[in-house]
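Asks: In the working numbering, the protein residues as written are 29 to 747. Just so you know, even glycine gets a beta-carbon here, dropped at the ideal spot from N, CA and C. Computed from a predicted model, the values in this text were never measured in an experiment. Could you have a look at this structure, given as structure tokens, before my questions?
Now the structure itself:
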């Protein structure tokens, strides 16, 4: 090396070597830390655009290729992964005037690895996945890195390939961000539009059965893959949100535009399948009652609630729950049952656990415009959907055979088939890229082929020509044998006719005998037909009697549910304010006496049926007592009051009955007036019987007709 100049900066060889090694070490350390970070988080962000049937993930090392084969080619999910819990958040952004509504979502799926695998399969259809992240549930342990995320469209799978296998018996959490479209379809995330009071309104609802859950959020969408669900919904403040479980928290949030939204978190569900996950976002009103500690609510349009169209459903649902629990000696595991009447719902009803959704026509009943013949059908629909809730001890579900059956109380009629059963020899062939075989030479069917299809068909026939020739030769041989047999039979018939021509007259006589015999049989058949018609009339009469018995039974059920109630008429509106129970207790104290305390004995109190803006009288006010004995005590005390006045208004207080029973009791009105004028003692027995005391004897009548007939004889001049 030459001499150093007097200026400049010089480094020795050892110094250069030291800095070179230091730079290399820093580079290696940075690379190692980056890899470890990716291994720890297993994070992968996806493009929104699709190429073919796969989604290209960003920052992933492997790009999927079309036509890949693997476990995603089977229509059933593998059993290597089992879901434990879904933490699901959904944010629907909709407006009644908007032609298209969207939603975003975030789900954390906690699952257990039963068998080691390096592939995670989820169902996902018609939703756009944007973020996928995998972490290990145990603190301080690492999850495998996500290599690629893509879609297999054949069976609607979201395929997540990992760089390592998941550890057997370990628990992991998969987080997925996604978005989708809300439409007016018959399943999944639906928006139903309706009009009320001149306003265009919308209700958001779900129909997950049979496999629509995958179009709402990524999931293991098979009935046997049960898990618990923690659901959170974000929606506009003027709406109310419902789900399978009761709400445990509601709070406001604001979005990036400063718009205020409401967030409702629901309690954790019991273990259940994805197809009975449900929620409703609406502007409905409700009526409610408590039965066996279970809160029952009927939700419907506000006008339907005000008109009393949900009253019957509320009363009969309570009776159904009480009857099933008592009869089967089982307890309902949830604390609430909500029945929702949705306009234009695509099914008569869906038995989601805790949130049963009905079409309006299946749940609501308008006493003013509908015939009560519809009531038995409404009872059956409500009972079917309540008892078919999956998870209730009455019903169990086994999906291992691939068959789903949820109608144990319903015997379906079998329709006659019109299928052509003519024997034929089919030739099946498959087009490239299709999994569905096509049939050629099918009976009563013709098909033309393109040049390309004809060439492929000729190749297929060439491969199977030996079998085809065998079939054709066999058929030809059978036809020849049949022709030979026919010739022999025809020859024998011809000979027989020639030999027996002399017996034709005898045959004619025999035919005349047969004719006479058949005539007698026809007359007998006519006699049997007349008898059958008479029997049909009798059966019709029996059916009518059975229908009356069924109506009486339904009325008895409803009366049983109302037995703890009293009905107050002509009580001015809006006096009960926000605490109708307290108001009812104070009302009875004023009427009976200040020392009479009833608040602890009153289970509920409410106004029913109709609106005071259209009715000339105030709506009825119902008070339900905890104990029947206390209700009877109240009624006994009220009978001593000649006139009950509240705020200068005469009010009437009497037991609450079903419409059928109330009609029967009202039928005795004229008779009671005549008995009162004649100073004859009488009383109305429960449910609707008239008891009359005359000359030291007691007479009980079950109908107005029977009472009039007998009393005309007993008390001359009464009528």
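Name the DSSP beta bridge partners of residue 233, please?
Replies: In the DSSP assignment, residue 233 is bridged to 218.
Asks: Looking only at its chain, what residues have a beta carbon closer than 7 Å to the beta carbon of residue 241, apart from the 5 residues adjacent to it on each side?
Replies: Leaving aside the five residues that flank residue 241 on each side, the residues in its chain whose CB is nearer than 7 Å to its CB run, in chain order, 247, 249, 302, 303, 305.
Asks: So what does DSSP say about residue 188, is it helix, strand or coil?
Replies: strand
Asks: The alpha helix (DSSP H) that contains residue 580, what's its start and end?
Replies: 532–590
Asks: Report yes or no: do three or more beta-carbon pairs, one from the segment 160–173 and one from the segment 215–226, lie closer than 8 Å?
Replies: Flag = no, the segment 160–173 and the segment 215–226 do not touch.
Asks: Quick one: which unbroken beta strand (DSSP E) runs of 3-plus residues sit fully inside the segment 109–148? Chain order, please.
Replies: 109–121, 129–141
Asks: To the nearest angstrom, how far is the alpha carbon of residue 162 from that of residue 262?
Replies: If you take the alpha carbons of residue 162 and residue 262, they lie about 25 Å apart.
Asks: Bridge partners of residue 723, per DSSP?
Replies: Answer is none; residue 723 lacks a bridge partner.
Asks: Got a sec? Which residues, its chain only, sit under 8 Å from residue 112 by beta carbon, not counting five neighbours each side?
Replies: 138, 139, 140, 199, 255, 256
Asks: Which of the three DSSP states is assigned to residue 740 in this structure?
Replies: helix
Asks: Buried or exposed: which applies to residue 701, given that a residue is buried once 16 or more other Cβ atoms fall within 10 Å of its Cβ?
Replies: exposed
Asks: Would you decide whether residue 659 is buried or exposed? Buried here means 16 or more other CB atoms lie within 10 Å of its CB.
Replies: buried
Asks: Ignoring anything shorter than 3 residues or poking outside the segment 333–395, list the beta strand (DSSP E) runs there in chain order.
Replies: 364–370, 383–387
Asks: With DSSP run on the structure shown, which of helix, strand or coil describes residue 597?
Replies: Strand at residue 597.
Asks: Give a yes or no on contact between the segment 365–379 and the segment 318–334, applying the rule of three or more CB pairs nearer than 8 Å.
Replies: yes
Asks: For the segment 140–157 against the segment 174–194, do three or more pairs of beta-carbon atoms, one drawn from each stretch, fall closer than 8 Å, so that the two count as touching?
Replies: yes
Asks: Are at least three pairs of beta-carbons, each pair with one atom in the segment 171–184 and one in the segment 269–284, less than 8 Å apart?
Replies: no
Asks: What does residue 728 pair with, by DSSP beta-bridge criteria?
Replies: Paired residue(s): 719.
Asks: Verify whether the separation of the beta carbon atoms of residue 598 and residue 699 is less than 7 Å.
Replies: no
Asks: Whole-angstrom Cβ separation of residue 627 and residue 609, contact assumed at under 8 Å?
Replies: Yes, residue 627 and residue 609 are in contact; Cβ-Cβ is about 7 Å, under 8 Å.
Asks: Looking at residue 295: is its Cβ nearer than 7 Å to the Cβ of residue 383?
Replies: Not closer than 7 Å, so no.
Asks: Apart from the five residues on each side of it in sequence, which residues of its chain come closer than 6 Å, Cβ to Cβ, to residue 617?
Replies: 624
Asks: So residue 832 is in the alpha helix (DSSP H); what residue range does that whole segment cover?
Replies: No information on residue 832 is available, as it lies outside the stretch 29 to 747 that the chain covers here.
Asks: Once DSSP output is grouped into helix, strand and coil, what is the label at residue 625?
Replies: Correct three-state label for residue 625: coil.
Asks: Return the Cβ separation of residue 210 and residue 331 in integer angstroms, given the expectation that the two are a contact with Cβ distance under 8 Å.
Replies: Contact doesn't hold; Cβ gap of about 25 Å is too wide.
Asks: I want to know whether the segment 584–604 touches the segment 660–680 - three or more CB-CB distances under 8 Å.
Replies: yes
Asks: Which two residues bound the contiguous beta strand (DSSP E) that contains residue 282?
Replies: 275–282
Asks: Would the segment 344–355 count as touching the segment 581–595 if we require 3 or more Cβ pairs under 8 Å?
Replies: Of all C-beta pairs linking the segment 344–355 to the segment 581–595, three or more are shorter than 8 Å, placing the two stretches in contact.
Asks: In three-state DSSP terms, what is residue 706?
Replies: coil
Asks: In the DSSP assignment, find the unbroken alpha helix (DSSP H) run with residue 662 in it and report its ends.
Replies: 656–667
Asks: Between the Cα of residue 323 and the Cα atoms of 336, 346, 338, which residue gives the shortest distance?
Replies: Closest by C-alpha distance to residue 323, out of 336, 346, 338, is 346.
Asks: Buried or exposed: residue 251, going by 16 or more other Cβ atoms within 10 Å of its Cβ?
Replies: Label assigned to residue 251: buried.
Asks: Is the CB-CB distance between residue 593 and residue 650 below 7 Å?
Replies: yes
Asks: By DSSP, does residue 293 sit in helix, in strand, or in coil?
Replies: Residue 293: strand per DSSP, three-state reduction.
Asks: In this structure, how does DSSP classify residue 679 when only helix, strand and coil are distinguished?
Replies: The three-state reading of DSSP puts residue 679 in coil, since its state is none of H, G, I, E or B.
Asks: Only counting the same chain, and skipping five residues up and downstream in sequence, which positions put a Cβ closer than 8 Å to that of residue 604?
Replies: 611, 612, 633, 635, 649
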